[in-house]
Each structure stands twice: as C-alpha cells, then as structure tokens.
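This report concerns only the one structure given below.
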Amino acid sequence: FSFLQERLRSVLGLLLVLHSTSSFYVPGVAPINFHRNDPVEIKAVKLTSSRTQLPYEYYSLPFCQPSKITYKAENLGEVLRGDRIVNTPFQVSMNVEKKCEVLCNFPNKPVTLTVEQSKLIAERIREDYYVHLIADNLPVATRLEFYSNREEEEKKKEKDVQFEHGYRLGFMDGNKFYLHNHLSFILYYHREDVEESQEHTYRVVRFEVIPQSIKLEDLKADEKSMCTLPEATGSAPQEIDPTKENQLLFTYSVHWEESDIKWASRWDTYLTMSDVQIHWFSIINSVVVVFFLSGILSMIIIRTLRKDIANYNKEDDIEDTMEESGWKLVHGDVFRPPQYPMILSSLLGSGIQLFCMILIVIFVAMLGMLSPSSRGALMTTACFLFMFMGVFGGFFAGRLYRTLKGHRWKKGAFCTATLYPGVVFGICFVLNCFIWGKHSSGAVPFPTMVALLCMWFGISLPLVYLGYYFGFRKQPYDNPVRTNQIPRQIPEQRWYMNKFVGILMAGILPFGAMFIELFFIFSAIWENQFYYLFGFLFLVFIILVVSCSQISIVMVYFQLCAEDYRWWWRTFLVSGGSAFYVLIYAVFYFVNKLDIVEFIPSLLYFGYTALMVLSFWLLTGTIGFYAAYMFVRKIYAAVKID
C-alpha cells in the first residue's frame, strides 16, 4: 500500500514538473522589452463580483476617460467571459516614479458625480465589485498580509502574503459608502542582461496596487495636475452619498521596484493565490482508493465470470445448465434493439464529441499551451474543438444506429447534430436575455451569437453528417449471438435492481475520485480564481474514465444475472449517476460558499450548473455505455451457445 502511494507521488511529481517547466509561455508569445521612459500602457478589463456573477465593463461607472476610447479586438473566449479590454488615461512610463498625479484632464478641478452616478457607485460597492486592470498583459493584484496562527514569537517575524485579483472598488462602514479614488501602483521590473554599450532593457514582471480612499479636502492639487498625499494617520476617506451630488478627485501614484523574478515565471504569483493549500494527501488517497476498489472489482468479476463460463461450457452438464439461472439464459434477447434507438445513438454521439474535446483540451492545457496569460484561449479552443469533433460523434452514432437496426440515417444525423447543442444553445439564450436586461458585459453580443450559430450549422452540422454517413455505411458492430423472434419474459426484479438505486450506487465511486478537483473548478468559475492544475485534472480524468467503466460493467453484469436484458438505456443512465452527485455538490457549494442572494445571479448559477451536469452525464454515460457494450459482447462470445 505504501509502495503504491510512493509510486503515485512520483507520478504526480512528474506531472507537476511537466507543468512548471513549460512556464506557461508558448513559442510565439514574445516578451516585450521596454527602455527607460517607454510608456507602459495600463488597460481595464472589467468589473466583477462573486456576489452577483455579472461582469460590467470599466466605463459603465463614471471613471476618468481618455480623449479617445479604443477597445481591443477580442477572441471568442474573451467575449464569452465578459472581458471588454479598453484603454485608460493612466500615464505610466518604465522606471519613472510618480508621487501623486490627478487623473482627469483638468487640474485641481474636482469631478462631480450626479445623484444617479453616486447611486450606481454606491450600489456596486455594496455588491462587492472588484476592478480588473492589466499592464503588459499582467493582471493587477492587491497584496494582503496577515499573520497565520503560529506561535507568538514567530508572529512578529513572519507575515503570510496572499494576493487578491483586481482591487476593491470601495468599502462600507456601517451604512456609509467609501470609494477608492487613489491608486498606488507598484510595478516590478526585471533588468535584462545586455552588452555594456547597449541601453538597459526592462520587462514588467509584477503589477500590484494599493487602493486608498482619500477625501477631496485632503488631496491638495495644483495647476500642473500634481497633488500631495496626506499623512497616513490624519486623512479621512472619500464618502459617496447616494442621495446627493458628490465631488472628488481621481488620483494615482507609480512606484517601480527591481525584481529577481524572471519574465517566464512572472505568472507564478497569481497562480498561488488560492488560500486553500492543495490537499495533496487527500488527492493521493482518492487515487489509491479508486485503484484499490478497481482492483477488487476486476478480480471479483473476472473470477466469477471464469467460473460462469466454465460451468456454461461443460458439455456433459447440459441438462443441469438448462435449469440454471444467470446471464446465459438471456442470450437470445441481450442484443434486442432498445426503444428510441435514434435518440440513444444521438446522445452517445454527443458524448463521444464531448469526450474527444475534453481529452484534447486537458492534454493541451497540461502541456502549458492554454495558460491564463493567453486570455480566453481555453474557451475558444473548447468551442472550436467541439465543432470539429462532430465528425467522430457522427461516425460512432451512425455505426451504433445501424447496429440497432435503424434505417433513417439522415434524420439520425440531424438529431445527433442538434439535440445536445440545441439544448445548450436554448439554455444559454434564455440566460443571455436576463444578462442583457442587466446591461452586463457578460451578455454575448448579437454578432457573436450569429457567429456561433454559423459555426454550429456551417462547421459542426456538415461534419456530423459526414461522420454519420461513413459510420452508417460501415459494417455494424458484430454481435456474437442471434436475437430470438419472441422476447423472453422478464422475472420480477428485487428492490436494489431499481434504476434510481442503481444511479445512486454507481455515482459514488467516480464522484469520490474527482470531488476535490471539483472544488477548485467551481472556485475558478464562480470566484474569479485562476485554474491551472491541468496536469492534475488529466490524472483525475483518467481515474474518472476507469472508475466509470468498471462500475458500469459491474452494474450490467448484475442486471443480466437477474435475467433483465433491457440494458441499453439503463447502462447509459446509471453510468451517468455521478452527475447527480455533482448537482447535489453544486447546491451545497451555492449555499455554503457563495454569497449570492438576488434572483438573476441565482438563476445564472443554476442555469450554468444544469449545463455542466447535463454535459457531465453525457460524458460519463457514454464512457460507461461503451465499456458495458464491449463487456457484454466479450462474455457472450466466450460461451458456447447451442
């Protein structure tokens, strides 16, 4: 047992080394070298809150605007995430300090916020919004220092440092709202080695901010847009009263520091932000438990089967065998086509499509090619891969449909190409209407929606038809026994052979294997964390495939031993049982971890969760179905049927 743990630790270590050596920079992403005094552009991405789950673009609030606003051209993933990257009026130059400068164009004349604007800012502060800026593609972070629960003597020496994405828009004290109107930027540069005659080049390796709220009277500004910051102790914060007009100044300062961090590892700070240490031990344990259970299951089933097959093949005991019960008795009905073969093959086709997409995405991300530094790359890749994997989905669905004695292949292909994507598009469209109503940047713009529809009907649909055509023309799967003319009567089943009991029993093992990883994925989606442990996710995915296959084989074996041959749909439903536990976990996460109270954020959470659960059910159901189908064909090929 301990040897197994050691082996697993070394495998995990290897995956992580693979992970860190790629350092997230793919060939083609070149670092930008700056000389002293070169402008370093600061852009705004969006405002986010884990309480409302609705992103807004930066200029939805009355911040200072540059003379000309230009939005960056974005990829599909960025648009779907709600990023709207735009320029800001901050003037930052490489390695040039700024003590304090007024942001808006007119010196020493305060910005006046109308009652409407003040109300809006107060509401966003109450909803706990964060502002996200980037400099040289690095997101801004707020440093949080706190003492961990160590001994008193150590406390004085060592503080724990963590980073928070973006900076808080403001804070509340009682019923009063305060806006962070002064930003102290701290940028870290790494000096590159150059020859003596050449000018030094610098690269930006970290971008921090300390937001402050300083009252208008305490910020003394002159005609040159310069200002002086008050002493830290004596200043009052800038209150925003939502019932009247407010006057304030937006100011900022810039401080540069040299750093030893190399450009290639500049993202490490952001990726170690999560406050939960990765529970190595529990993950290793889940791996061990799954392999242990898998071994036991395989042993039991192989030994039982050997005994069964040996008994069934004893020529001299034919008379006894006839009276015996067990899976051999249903040999004449086990390959009888189920009800609704077209829908079954369509769902399995979509499952294959999802399986191929997820496998490739996780593998490519594990090699460090879809890092957080290339914004939106993961989502864009996933969308395109799903479209192109239609050819495999179509092929498998077509071949299975032919095996199940289906004839209308064109209708089957259309069903495969539209059933699951149609449900996804329908749910997303309804949710999108609610997000539009809130004027959030998370709403997918109409042109993007049209582009997605064109991809669906222009790339995915023809590819599914192509795959389906070849799959349908190919020889159907070879079933080792003939099906009888008249269906056999099914005996009354025991209570534990019920479908729902099966779903509950079959879901536990695969869910237990990926439960911890699920926590990190949920945090990444709902709490604006970065998710980067793809090497690990790959391992968990493989465990998931193994455990789903085994559970499904065990369930189908018990079912056939109970002389119930209606296994096609049942295997598909029962193998997806872990999706039911994912749903329960999502509800638990919503109640315990998230601070969502309003209707629309709750609707978004449960709408997207429903999509995740549906996709997960298709994925696990497909894995289980194909494992069970191969198993059934194997065992019936091994017995001699008269």
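UniProt numbering applies: residue 1 is where the sequence shown begins, and numbers increase by one.
We put the beta carbon where it would ideally sit given N, CA and C, even for glycine.
Computed from a prediction, not measured in an experiment: that's the story for all the values here.
CA-to-CA distance, residue j to residue i, given in whole angstroms
| i | j | result |
| --- | --- | --- |
| D193 | T142 | 29 Å |
| R633 | Y626 | 11 Å |
| K99 | V111 | 21 Å |
| F258 | L187 | In the sequence as presented, Phe is not what sits at residue 258; that position holds Glu. Going from the Cα of E258 to the Cα of L187 covers about 9 Å. |
| W267 | H190 | 14 Å |
| K72 | R84 | 8 Å |
| S197 | A377 | 40 Å |
| L16 | Q162 | Confidence at L16 is low in this model, with a pLDDT of 42, below 50, so its placement is unreliable and no value can be given for it. |
| L133 | V464 | 42 Å |
| H255 | E97 | 5 Å |
| P337 | L344 | 11 Å |
| W526 | N181 | 27 Å |
| Y496 | A562 | 11 Å |
| V430 | L354 | 23 Å |
| F500 | L573 | 9 Å |
| F34 | H200 | 9 Å |
| K640 | D333 | 16 Å |
| N87 | S93 | 15 Å |
| G82 | K244 | 31 Å |
| Y589 | S225 | 48 Å |
| K410 | M612 | 29 Å |
| N432 | R375 | 21 Å |
| E208 | G174 | 28 Å |
| F541 | A382 | 16 Å |
| F534 | Q65 | 39 Å |
| L183 | P211 | 5 Å |
| L604 | T448 | 20 Å |
| I121 | N528 | 21 Å |
Opening and closing residue of the beta strand (DSSP E) in which residue i lies
| i | result |
| --- | --- |
| G170 | G170 to D173 |
| P211 | Y202 to Q212 |
| V102 | K98 to V102 |
| Y130 | Y130 to A135 |
| E164 | D160 to H165 |
| Q247 | N246 to L248 |
Cross-strand partners of residue i (DSSP beta bridge)
| i | result |
| --- | --- |
| W256 | L187 |
| R306 | Paired residues: none, contrary to the question. |
| I42 | A135 |
| A579 | Answer is none; A579 lacks a bridge partner. |
| M226 | E101 |
| R488 | Its beta-bridge partners do not exist; DSSP assigns none. |
| Y71 | V86 |
| H182 | Q212 and T251 |
Boundaries of the alpha helix (DSSP H) in which residue i is found, first to last residue
| i | result |
| --- | --- |
| A451 | F446 to M455 |
| K176 | That residue, K176, is in no alpha helix (DSSP H); its beta strand (DSSP E) goes K176 to L179. |
| E116 | V115 to R126 |
| L604 | F599 to A638 |
| G512 | K499 to W526 |
| V545 | F534 to C561 |
| K411 | W409 to G437 |
| G458 | Element bounds for G458: n/a, residue is neither H nor E. |
| Q53 | Where Q53 is concerned, there is no enclosing alpha helix (DSSP H), given that its DSSP letter is neither H nor E. |
Whole-Å CB distance - residue i paired with residue j, under 8 Å assumed
| i | j | result |
| --- | --- | --- |
| S346 | T403 | Contact doesn't hold; Cβ gap of about 14 Å is too wide. |
| residue 643 | F177 | In this structure the chain extends from 1 to 642, so residue 643 is not present and cannot be described. |
| D128 | V204 | Not quite, the Cβ-Cβ distance comes to about 28 Å (not below 8 Å), so this is no contact. |
| V131 | Y167 | 6 Å |
| L297 | V554 | 6 Å |
| L54 | I435 | 7 Å |
| G458 | G394 | Not really, about 15 Å apart at Cβ, beyond 8 Å. |
| Y468 | G398 | 4 Å |
For residue i, the nearest candidate out of the options (CA to CA)
| i | options | result |
| --- | --- | --- |
| G326 | F335, Q339, N311 and V481 | N311 |
| C576 | G621, Y608, L539 and V540 | Checking the sequence, you will find Gly at residue 576 rather than Cys. Of the listed residues, the one whose Cα sits closest to G576 is G621. |
| M387 | I600, P242, R303 and C454 | C454 |
| H439 | V290, Y56 and T88 | Y56 |
| V45 | G471, I525 and Y59 | Y59 |
| E217 | Q238, V444 and F207 | Q238 |
| R494 | T381, Y532, L560 and F541 | L560 |
| F106 | S67, V79 and A122 | S67 |
| E123 | E164, M94, F171 and T448 | F171 |
| F519 | L594, V364 and K307 | L594 |
| A365 | L583, Y532 and F541 | Y532 |
| I479 | D173, M630, S578 and C433 | Contrary to the premise, residue 479 reads as Asn rather than Ile in this sequence. The option with the nearest alpha carbon to N479 is M630. |
| M357 | A30, L76, F616 and K474 | F616 |
| Y270 | E164, E41, Y340 and P487 | E164 |
| D222 | L103, L400 and T483 | L103 |
| Q550 | M299, T52, N246 and L537 | M299 |
| F558 | I427, Y581, I301 and V450 | I301 |
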